[in-house]
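A.B. asks: Just so you know, the working numbering puts 190 at position 182 of the sequence shown, and the rest follows in order with no gaps.
All residues carry an ideal CB built from backbone N, CA and C; glycine is no exception.
Once you've had a glance at the structure underneath, I'll fire off some questions.
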Amino acid sequence: MNVVLIGFGAIGQAICRRLQSSSLITVSHVVVRAVGVSDAMAAIEEMRVPIRVVTEVPLGAQLCLECAGHEALGTHVMEALRRGVECAVLSTGALAEPGLPERLSDAALQGGTQVHLLSGAIGGMDAIAAARLGGLDEVTYTGRKPPSSWAPAPVSSQKITVILQATAREAARLYPKNANVAATIALAGLGLDKTHVRLISDPSVTTNVHEIRAKGAFGEMRIEFRGKPLADNPKTSALTVLSALRFLHNRASSLTV
9 MNVVLIGFGA IGQAICRRLQ SSSLITVSHV VVRAVGVSDA MAAIEEMRVP IRVVTEVPLG
69 AQLCLECAGH EALGTHVMEA LRRGVECAVL STGALAEPGL PERLSDAALQ GGTQVHLLSG
129 AIGGMDAIAA ARLGGLDEVT YTGRKPPSSW APAPVSSQKI TVILQATARE AARLYPKNAN
189 VAATIALAGL GLDKTHVRLI SDPSVTTNVH EIRAKGAFGE MRIEFRGKPL ADNPKTSALT
249 VLSALRFLHN RASSLTV
């Protein structure tokens, strides 16, 4: 299976490195902005992989994986979907923009294809989406980070401080660095305007902590993640890269879980 990567930063490069030994999946192209072509070519040369660097999704593409950031959804993903190219999206925080989920869905319908929203740095989205079908009443996401992670917001380095209590849409607007997690949970469950979000500065934690609580006809669930960064890039969640790899392996495998 040939894959086109939209974006070739830390996440895209980590995905490429981890796919080098795969016999099922090949990255054929990476799509970058014109100003990033030389950097992408240098990184590919260092990896010694036969990948073409382009500035637009090529004709004949079958599957695109977006790992470029919010802007890429409008610049590349939307047009690819209209052309019938199946797309997977990691920058789910962009979908907090009113109307964007509907526009992506319409573009996929127009092209007769699908757009997949990947879980990224968290998990349990299958359980939340299943619970929604049987009656989901309440979903709350709590994000905890050490005080230094909230700069330049003025927070105490000595005590736990609630930074924000709002809807997922409002949280994504005010704290875009947390947008992907909050938006993914909301889109899997009750939506951006009915999902509760709490953002907390906590001096007792050293990593980002994500907690999801949900209630409904199915019962109750509580899920907690204490994510570790990629060994080769501490600014990137290891699980974000692994969730993209899982999606690709499921698309290429005859048996999926």
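(1) Straight-line CA distance for I193 to C72?
(2) Skipping 5 residues on each side, what residues in its chain have a beta carbon closer than 6 Å to that of L81?
(3) Where do the N-terminal and C-terminal ends of the beta strand (DSSP E) with D145 fall, by residue?
(4) Alpha carbons only, please: which of F16, G132, A239 and E87 is nearest the one belonging to T111?
(5) Output needed for L247: all residues of its chain with C-beta closer than 6 Å, excluding positions within five of it in sequence on either side, in chain order.
(6) Using alpha carbons as the reference points, say which of S31, V57 and C75 lies closest to F16.
(7) Rounded to a whole number of angstroms, what is the C-alpha to C-alpha distance between V12 and V35?
(8) Since I believe V93 is in contact with Q122 (beta carbons under 8 Å), could you give me their beta-carbon distance rounded to a whole number of angstroms?
(9) Let me know the beta strand (DSSP E) ranges lying completely inside the segment 200 to 252, each 3 residues or longer, listed in chain order.
(10) For I23, name the three-state secondary structure that DSSP assigns.
(11) Report yes if the C-beta distance between V205 and A159 is below 8 Å; otherwise report no.
(12) Quick one: grab the DSSP three-state call for R8.
(13) Quick one: measure Cβ to Cβ for A104 and A48, integer angstroms, because I've assumed they're closer than 8 Å.
(14) Counting only the same chain and skipping the five closest in sequence on each side, list residues whose C-beta sits under 7 Å from that of L207.
(15) Take N258 and list the residues in its own chain whose beta-carbon comes closer than 6 Å to its own, dropping the five residues that flank it on each side.
(16) CA-CA distance, L89 and S127?
(17) With a CB to CB cut of under 6 Å and the five nearest residues on each side skipped, what residues in its chain are close to A137?
(18) Within 10 angstroms of its Cβ, does G119 collect 16 or more other Cβ (buried), or is it exposed?
(19) Check whether the Cβ atoms of S209 and P155 sit closer than 8 Å, and answer yes or no.
(20) What does the alpha-carbon distance come out to for the pair E223 and A135?
(21) Using CA atoms only, rank isn't needed, just tell me which of S261, L256 and R181 is closest to C95.
(22) Could you check if P109 is buried or exposed, using at least 16 other CB atoms within 10 Å of its CB as the buried criterion?
(23) Among residues of its own chain, excluding the 5 on either side of L27, which ones have a beta-carbon nearer than 7 Å to its beta-carbon?
C.D. replies: Here's the rundown:
(1) Cα to Cα, the separation comes out at about 22 Å.
(2) Here the set comprises A102.
(3) D145 -> beta strand (DSSP E) spans L144 to K153.
(4) At residue 111 the sequence reads Arg, which differs from the Thr that was named. Taking each of F16, G132, A239 and E87 in turn and checking the Cα distance to R111, the smallest one comes out for E87.
(5) Cβ within range, chain order: A129 and G235.
(6) Selected option, being the one with the closest Cα: C75.
(7) Cα to Cα, the separation comes out at about 6 Å.
(8) With 8 Å as the limit, Q122 and V93 do not qualify as a contact, their Cβ atoms being about 10 Å apart.
(9) List check, beta strand (DSSP E) in window: 204 to 209, 217 to 224, 227 to 234 and 241 to 245.
(10) In the three-state reduction of the DSSP assignment, I23 falls in the helix class, which pools H, G and I.
(11) The Cβ atoms of V205 and A159 lie no closer than 8 Å to each other.
(12) Residue 8 is absent from the structure shown; the chain starts at 9 and stops at 265.
(13) Incorrect: roughly 28 Å between the Cβ atoms, too far for contact.
(14) In the same chain as L207, and ignoring 5 residues on each side of it, the C-beta atoms closer than 7 Å to its own belong to G151, I171, L172, A179, Y183 and N186, in chain order.
(15) Same-chain partners within the cutoff: T264.
(16) As the crow flies, the alpha-carbon of L89 is around 20 Å from that of S127.
(17) Excluding sequence neighbours, A137 sits near A196.
(18) Buried.
(19) Result yes, Cβ atoms of S209 and P155 sit closer than 8 Å.
(20) Residue 223 is actually Lys in this sequence, not Glu. If I take the Cα positions, the gap works out to 11 Å.
(21) Closest by alpha carbon: L256.
(22) It counts as buried.
(23) Cβ neighbours of L27 beyond the five flanking positions: I33 and V35.
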